Amino acid sequence: MNSGQIDYTKKEMPEKVVKLGYGLLAIGFVLVVAAFAFDYTRASFNSLISFMFVFSLGVGSLFLVALEHIAGAYWSVPFRRISELLTALIFVAPVLAIPVLFDLHGLFHWSHVEAVEADTILAGKSSYLNESFFYIRFVVIFVIFILFRIAMVGGSFKQDTTGSVKINKINARLSAAFMPFFAFMLSIMAIDWLMSLEPHWFSTIFGVYYFAGTFLVALSLLTLYVLYLNKEGMLIDGISSDHLYNFGALLFAFVNFWAYIAFSQYMLIWYANMPEETYWFIIRSEHGWEFISLALIVIHFVVPYVMILSQPSKSSKKRLKVVSYWILGAHYYNLYWLVMPTFSKDGPVLGWYELVFPIFTAGLIITTFNFVSKKRNLVAIGDPKLKRGIDFRL
Amino acid sequence: MTNKPIYAVTGLFEKPDEIINAAEKVAYEGYLNYDIHTPYPVHGMDKAMRLPPSTMGYFALVLGLSGAVLALFFMWITTAYEYPLVIGGKPFFSLPALIPITFEVTVLLATCGTVISMLFIFFKMPNNSHPLHDTKFMKQVSSDKFGVCIEAKDKFFDKEKVKSFLLSLGATEVEEIYFDVDDLKNKNKILTPKFSGFLVFVIVLTSAASYATLNIVMYMPPFDWMMTQSRLNAQGTTDFYENHSAMREPVEGSIARGFMPYAFIGQPDSAGKYLENPLEMTEANLAVGKKKFNTYCSPCHDYYGRGESRLKGRFPNPPSLHTDKTRNWPDGRLYHIIT
């Protein structure tokens with residue numbers, strides 16, 4: 002138990018994964034370009050879903066990193082570097098948002114100045130919901146996220162060679178500063194890009210609703226990478242089922258958290274029964290959308306809940322792998338449910354437009370990770386807490 | 505001491521690492537009836553002791569599910585079957601409203617039930633005597649030491665062997681624990697004067713508190729019952745509002761639901777312009793019109809509209825309806841005047 006030195010050698014990402022990433026990215030890119038060429042507005046809606054998905058993963062990973070620093074956690078130190086590398090998705094996410102910015106009028110009703118002037122409610126909101134302020138918010142939020150990302154993750158990269166304890170302290174302070182920004186900016190992003198699709202509607206819990214999904218996907222992707230890299234022997238020795246149990250327990254907790262928030266949002270609106278609030282749910286409960294809505298409960302809550310309910314399943318590699326893939330899909334489905342009713346109120350749409358974007362997104366995520374992990378260690382070998390993190394037992 | 509049967513041999517250790525190591529070794533030797541006592545939970549102990557996963561989870565599952573079913577059944581019986589009341593215009597049995605309560609009852613029954621079943625089934629609750637009670641060993645492991653206790657009923661148990669085995673693991677103190685036969689036979693009384701006194705105290709306290717809450721506090725503003733709170737009756741007076749009426753008047757321009765006020769009050773000209781006579785020219789309508797005219801109009805206008813009143817000068821005579829001015833009025837204006 003006191004072997005002292007950390008035994009880690011950097012290995013290259015397997016050829017298979019690199020090829021898979023490039024393949025998905027190339028196929029996805031061609032199809033996405035085709036989608037934009039055929040129907041720009043429909044493609045923009047799908048691009049918006051993918052953008053919010055990748056954004057979830059990027060900032061969710063940064064949140065996981067900050068959470069570890071601020072709580073002084075030990076068990077997650079061997080995996081922190083994977084989350085840190087995944088935060089690079091923050092740089093990539095705007096790629097999916099830029100095509101949407103060219104079609105603001107197709108997506109956001111509030112961007113039509115004449116329509117807003119004729120509408121008392123929207124005119125009242127226009128000091129916030131107008132195009133220039135929208136762009137400013139978008140840029141400022143990304144700049145702040147990127148600055149925090151560079152500060153927190155960059156320090157950790159440096160620690161690999163220096164191994165100084167000071168960086169842990171700096172990062173803990175940075176994380177404390179980051180948390181309120183994170184809560185505020187994530188809510189703003191959710192309101193700007195998802196809630197304002199129906200500009201008359203409002204829900205005060207919406208930011209938390211998006212956060213619940215954000216945490217879940219970031220954790221799921223981390224779990225998948227940990228399972229895969231550990232199987233390939235690219236992580237450090239000593240990862241036990243006790244570590245995996247923590248992933249399972251956290252996933253289980255946040256599956257419940259999502260259901261709790263989603264239900265809170267629904268029940269208050271359902272109970273108060275005010276027309277300006279209920280119509281958002283009414284759109285989602287007619288013309289075939291009701292099946293999508295009911296399926297959301299099963300897909301996002303019931304299935305993952307049952308899958309990792311029992312204690313042994315929380316540390317079972319096979320089960321964790323399945324449930325992580327499932328949750329990634331469920332979050333994408335959740336975003337589809339949030340976005341697409343605005344595009345087609347007359348019924349759910351599912352065509353090749355909807356299918357090509359996940360391919361491109363998957364390619365983007367895999368390739369980004371391959372790219373950033375090329376020159377970096379996959380374990381934070383300089384962190385003084387690493388040894389204790391590996392020895393973690395329940 | 506020797507006439508008492510032996511219960512177990514215990515060994516004390518100083519550090520958590522040592523106790524984990526000791527637990528691993530004891531399990532490796534094949535002992536089954538042994539236990540580890542620590543002042544706080546030690547990570548990794550389950551695995552070191554080779555304990556199977558706890559069956560406690562199944563208790564929680566069954567209790568939780570029965571809590572959910574029970575709560576739903578109770579709410580269905582009360583709100584939809586026995587006392588169906590419309591609340592907030594929702595259906596009698598409306599699931600979203602019931603979910604929070606179902607959730608609470610599920611959690612309540614699962615947690616409380618699991619703790620109670622742990623106490624009664626796993627810890628054999630009413631049994632309040634154990635050979636380890638009041639031993640030096642128990643006092644030390646509940647403050648700052650870590651202890652192993654290998655019971656005599658284990659099939660590998662041999663007093664001297666176990667003793668030397670524990671010493672070889674690094675135990676600082678090895679002790680033999682004996683059954684105190686008299687103590688085992690002696691059932692401790694539950695209703696000792698001290699405990700009875702405490703029970704009486706609790707009963708009096710809670711009764712007094714409930715009595716005071718229901719009979720005194722609930723009549724004291726602002727905690728009082730809704731029925732005794734000050735209120736204003738409809739049509740009553742108050743000094744609170746400027747017009748001294750307890751009721752508020754509707755905002756100017758409000759109209760009753762499902763009612764559209766007549767738009768042409770006192771405006772015959774615009775009525776002539778915008779109003780149309782909705783009645784069709786049919787025999788039946790003309791007959792009704794004749795009857796109405798004879799009943800309501802003819803006393804002044806006379807049966808032929810010439811303005812020869814039968815009221816003999818009690819009112820001024822109206823002008824004739826046969827003038828050019830009247831004949832050229834549009835249908836809408838006439839309809840407005842007549843109705």
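Going down the list, the protein sequences come from chains A and B. If you're matching positions, the first sequence starts at 2 in the working numbering and goes up one per residue. If you're matching positions, the second sequence starts at 505 in the working numbering and goes up one per residue. Ideal Cβ placement from N, Cα and C applies to all residues, glycine included. From a predicted model like this one, the values you see are computed outputs, not experimental measurements.
Within a 10 Å sphere around the beta-carbon of T559(B) sit fewer than 16 other beta-carbons, which makes this residue exposed.
When 7 Å is used as the limit between beta carbons, A526(B) is near no residue of chain A, the shortest such separation being about 15 Å.
In this structure H288(A) is exposed. Its beta-carbon is surrounded by fewer than 16 other beta-carbon atoms within 10 angstroms. Taken in chain order, the members of the region 597-627 of chain B whose beta-carbon sits within less than 8 Å of a beta-carbon on chain A are P600, A601, I603 and P604. For I654(B), the enclosing beta strand (DSSP E) begins and ends at F650 to E655. Going by beta carbons, F54(A) and Y333(A) fall inside the 8 Å limit. With contacts defined as CB atoms closer than 8 Å, E69(A) and R82(A) fail to qualify as a contacting pair. Looking at the backbone, the Cα of L187(A) and that of F143(A) are separated by about 11 Å. Excluding residues up to 5 positions away in sequence, F52 lie with their Cβ nearer than 7 Å to the Cβ of A98(A) in the same chain. Where D539(B) is concerned, the enclosing beta strand (DSSP E) starts and stops at Y538 to H541.
Residue environment for Q160(A): buried (at least 16 other C-beta atoms within 10 angstroms of its C-beta). Annotation: K376(A) to S325(A) spans about 27 Å, alpha carbon to alpha carbon.
Y511(B) and F641(B) have their alpha carbons spaced roughly 13 Å apart. Within 10 angstroms of the beta-carbon of C653(B) lie 16 or more other beta-carbons, which makes it buried. With its beta carbon less than 8 Å from one in chain B, M268(A) belongs to the interface. Using a CB distance cut-off of 8 Å, W338(A) does not count as an interface residue toward chain B. Taking C-beta separations shorter than 7 Å and ignoring five residues to either side along the sequence, the partners of A191(A) in its chain run F207, G208 and Y211, following chain order.
Runs of the alpha helix (DSSP H) lying entirely within the region 661-727 of chain B, each at least 4 residues long, are 663-673, 685-689 and 697-719 in chain order. Residues of the region 264-296 of chain A that bring their beta carbon within less than 8 Å of a beta carbon in chain B comprise F264, Y267, M268, W271, Y272 and N274, in sequence order.
R320(A) is a Cβ neighbour of I309(A), given a cutoff of 8 Å. Within the same chain, and ignoring the five residues on either side of Y535(B) in sequence, the residues whose Cβ sits closer than 7 Å to its Cβ are I654, D658 and F660. Residue range P520 to E533 is occupied by the alpha helix (DSSP H) that includes Y532(B).
Closer than 7 Å at the C-beta level to chain A, one finds these residues of the region 548-576 of chain B: G548, P557 and G561. It is roughly 25 Å from the alpha-carbon of L175(A) to the alpha-carbon of I391(A). Against G592(B), the close residues of chain A are Y272 and N274, in the order they occur along the chain (beta-carbon pairs closer than 8 Å). Contact between F563(B) and K649(B) does not hold, since the beta-carbon distance rounds to 32 Å and is not under 8 Å.
DSSP places F517(B) in the strand class (E or B) of the three-state scheme. Contact check for I367(A) and L21(A): beta-carbon distance about 6 Å, within the 8 Å limit, so the pair qualifies. Selection V380(A), V307(A), S374(A) and K322(A) evaluated against L565(B) yields V307(A) as nearest (Cα-Cα). In the displayed model, I759(B) falls within coil according to three-state DSSP, outside both helix and strand.
Membership of I328(A) in the alpha helix (DSSP H) is indicated by the continuous run K318 to F344. The closest CA to that of Y800(B), considering only R752(B), L815(B) and G548(B), is found on L815(B). A Cβ-Cβ distance of about 19 Å is found for the pair N378(A) and Y75(A), leaving them out of contact under the 8 Å criterion. Chain B has a Cβ within less than 8 Å of the Cβ of R394(A).
DSSP places K643(B) in the uninterrupted alpha helix (DSSP H) bounded by K640 to V645.
Distance between L387(A) and L225(A), taken at the CA atoms: about 21 Å.
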